[in-house]
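Colleague: This is the structure, below, for whatever I ask next.
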Amino acid sequence: MDDINNFQMPGSYFQAFGRIVIGKGTYIAQNVGIITANHNLQNLDLQAEAKPVSIGEKCWIGMNSVILPGVELGPHTIVGAGSVVTKSFVDGHCVIAGNPAKVIRHLS
-5 MDDINNFQMP
5 GSYFQAFGRI
15 VIGKGTYIAQ
25 NVGIITANHN
35 LQNLDLQAEA
45 KPVSIGEKCW
55 IGMNSVILPG
65 VELGPHTIVG
75 AGSVVTKSFV
85 DGHCVIAGNP
95 AKVIRHLS
C-alpha cells in the first residue's frame, strides 16, 4: 500500500473479479488494463470464471498495455507500450512486447 508507483497514473483499469497481486517497486503507466475475467463466449451477459493476475517486483507495465486473466509476470519484466499480454512469463528478467506479447530481449 505504500508503493505509489503502482497506482499514480490516470486511466488505468483494474478489473478485480479475481485476485490481482502487484509486486513492490512496480511501475504502471497510464491507460493500463489488468483484467481477471472475460465474458462467457456462449453467453456474453455472463462473466467467465475469474483467473488471478500476478505481477512480480520491479516490473514496468508500459502505457496502453493490457494484462489478461491468468497471467503471471516474474520479477523485472518490462511490458512494452501497447502490448497485450495473453500468457505468463514467470521467469521474468525480460522485455516483452506486441500483440500477443512475446520476449524481445532477455535482461541479465
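Counting along the sequence shown from 1, when you hit position 75 you're at 69 in the working numbering, and nothing is skipped either side. Using N, Cα and C, we set each Cβ at its ideal position, and we do this for glycine too.
List the DSSP bridge partners of R99.
Modeller: V89.
Colleague: According to DSSP, simplified to helix, strand and coil, what is T80?
Modeller: It is coil, neither helix nor strand.
Colleague: When the distance is taken between beta carbons, is C53 closer than 8 Å to T80?
Modeller: Contact flag unset, no.
Colleague: Which two residues bound the contiguous beta strand (DSSP E) that contains S104?
Modeller: Not covered by the structure: residue 104. The range shown for the chain is -5 to 102.
Colleague: Determine the DSSP secondary structure at L67, reduced to helix, strand or coil.
Modeller: The answer is strand: DSSP assigns L67 an E or B state.
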